[in-house]
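Colleague: Here it is: the structure, laid out below.
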Amino acid sequence: MGVNDDLYDPAKHTIISNASCTTNCLAPMAKALNDDLGIVKGLMTTIHAYTQDQNLQDAPHSDLRRARAAALNIVPTSTGAAKAVSLVLPELKGKLDGYALRVPTPTGSATDLTFEAGRETTVDEVNAIIKKAAEGALKGYLVYTEDPIVSKDIETDPASCIFDSGLTKVIGNQVKVVGWYDNEWGYSNRLVDLCTKVGQSL
2 MGVNDDLYDP
12 AKHTIISNAS
22 CTTNCLAPMA
32 KALNDDLGIV
42 KGLMTTIHAY
52 TQDQNLQDAP
62 HSDLRRARAA
72 ALNIVPTSTG
82 AAKAVSLVLP
92 ELKGKLDGYA
102 LRVPTPTGSA
112 TDLTFEAGRE
122 TTVDEVNAII
132 KKAAEGALKG
142 YLVYTEDPIV
152 SKDIETDPAS
162 CIFDSGLTKV
172 IGNQVKVVGW
182 YDNEWGYSNR
192 LVDLCTKVGQ
202 SL
């Protein structure tokens, strides 16, 4: 929602997906930055709250890392968010990949996107691009903040992505940005938005 929902055609699109909470965080940042700077290639890491798929104590699991106690470990695991973004933004196909680090917090996550831009840029320019998008086309989905926040601060925030401008880093055309998200509440708000949009088309 907010990234490609303008392309929704109820006559053609009978099966649709709201993707994942991480994809919903990554996509608004990636869209705004790709539209202005161009993303040549990049890697993302989601620092993600543990989920019901993990074990609360060491126990059997098909993923040996997820088999470990979720509330006691940082657990590296897979995420499909980077590849899913290319389904939302086809121009990024094959340009992004990444993984997740599941951490011992029940909710509140962050996505770190590090990428090679199409040209050299600055911290101020990157932040200005996001701020403009957050106040414009992506308003409500993308939020810009200058506050020194932590995961607890974004719990129950309805946005898909709370962009942390204080964490932006740039060296030439190498860019690192971070967006926070409530992986449960923020995503639930997007589900409501999507259902509303589909309902209005009936």
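Quick note: the sequence shown uses this note's numbering, first residue 2, plus one each step.
Heads up, the beta-carbon is just placed ideally off N, CA and C, and yes, glycines get one too.
#1: Over what stretch of residues does the beta strand (DSSP E) that includes G43 continue unbroken?
#2: Anyone know if the C-beta pair for N35 and E92 falls short of 9 Å?
#3: How close, in whole Å, do the beta carbons of Y100 and T80 come, if the pair is a contact with beta carbons under 8 Å?
#4: According to the Cβ coordinates, are P11 and A134 closer than 9 Å?
#5: Exposed or buried, N190, counting other C-beta atoms within 10 Å across all chains shown (16 or more means buried)?
#6: For the candidate residues K42, G137 and D158, whose alpha-carbon lies nearest to that of C22?
#7: Check whether the Cβ atoms of A20 and A70 sit closer than 9 Å, and answer yes or no.
#8: Buried or exposed for C26, going by 16 or more other Cβ atoms inside 10 Å?
#9: When you compare only the Cα positions, how much space is there between D148 and D154?
#10: Helix, strand or coil for R69? Go by DSSP, reduced to three states.
#11: Given 8 Å as the limit, is there contact between the region 107 to 118 and the region 174 to 191, that is, 3 or more CB pairs closer than that?
#12: Are A53 and R103 touching if we call contact CB-CB under 9 Å?
#13: Please state if the CB of L195 and the CB of I17 are separated by a distance shorter than 9 Å.
#14: Near M2, what residues of its chain come up, given a Cβ to Cβ distance below 8 Å and the 5 sequence neighbours on each side ignored?
#15: Quick check: what's the CA-CA separation for N174 versus G200?
#16: Take the Cβ of S202 as the centre, count every other Cβ of all protein chains shown within 10 Å, and call the residue buried at 16 or more, exposed below.
Modeller: The relevant details are as follows:
#1: Along the sequence shown, read from residue 1 onward, the residue named residue 43 stands at position 42. Taken as a continuous stretch (DSSP letters only), the beta strand (DSSP E) holding G43 covers I40 to A50.
#2: As a position in the sequence shown, residue 35 is number 34, starting the count at 1. As a position in the sequence shown, residue 92 is number 91, starting the count at 1. Cβ atoms of N35 and E92: closer than 9 Å.
#3: As a working mapping, residue 100 is identified with position 99 in the sequence shown. As a working mapping, residue 80 is identified with position 79 in the sequence shown. Confirmed, about 6 Å.
#4: The residue you call residue 11 lines up with position 10 of the sequence shown. The residue you call residue 134 lines up with position 133 of the sequence shown. No, they are not a contact pair.
#5: The sequence position of residue 190 within the sequence shown is 189, counting from 1. So N190 counts as buried.
#6: Numbered from 1 along the sequence shown, position 21 holds the residue referred to as residue 22. Nearest of K42, G137 and D158 to C22, Cα basis: D158.
#7: One-based indexing of the sequence shown puts residue 20 at position 19. One-based indexing of the sequence shown puts residue 70 at position 69. Not in contact: A20 and A70 (Cβ atoms no closer than 9 Å).
#8: Along the sequence shown, one-based indexing puts residue 26 at 25. Buried.
#9: As a first step, residue 148 must be located in the sequence shown, where it is residue number 147. As a first step, residue 154 must be located in the sequence shown, where it is residue number 153. When rounded, the distance between both Cα atoms is 10 Å.
#10: Position 68 of the sequence shown holds residue 69. In this structure, R69 counts as coil in the three-state DSSP scheme.
#11: yes
#12: Start at 1 with the first residue of the sequence shown, and residue 53 comes out as number 52. Start at 1 with the first residue of the sequence shown, and residue 103 comes out as number 102. A small fix is needed here, since residue 53 is Gln in this sequence, not Ala. Contact flag unset, no.
#13: Position 16 of the sequence shown holds residue 17. Position 194 of the sequence shown holds residue 195. In this structure, L195 lies closer than 9 Å to I17 by Cβ.
#14: By 1-based counting over the sequence shown, the position of residue 2 is 1. Counting only Cβ-Cβ distances below 8 Å, and skipping sequence neighbours, we find N19, N25, Y142, S161, R191, D194, L195 and K198.
#15: By 1-based counting over the sequence shown, the position of residue 174 is 173. By 1-based counting over the sequence shown, the position of residue 200 is 199. About 43 Å.
#16: Indexing the sequence shown from 1 puts residue 202 at position 201. Exposed is the call here.
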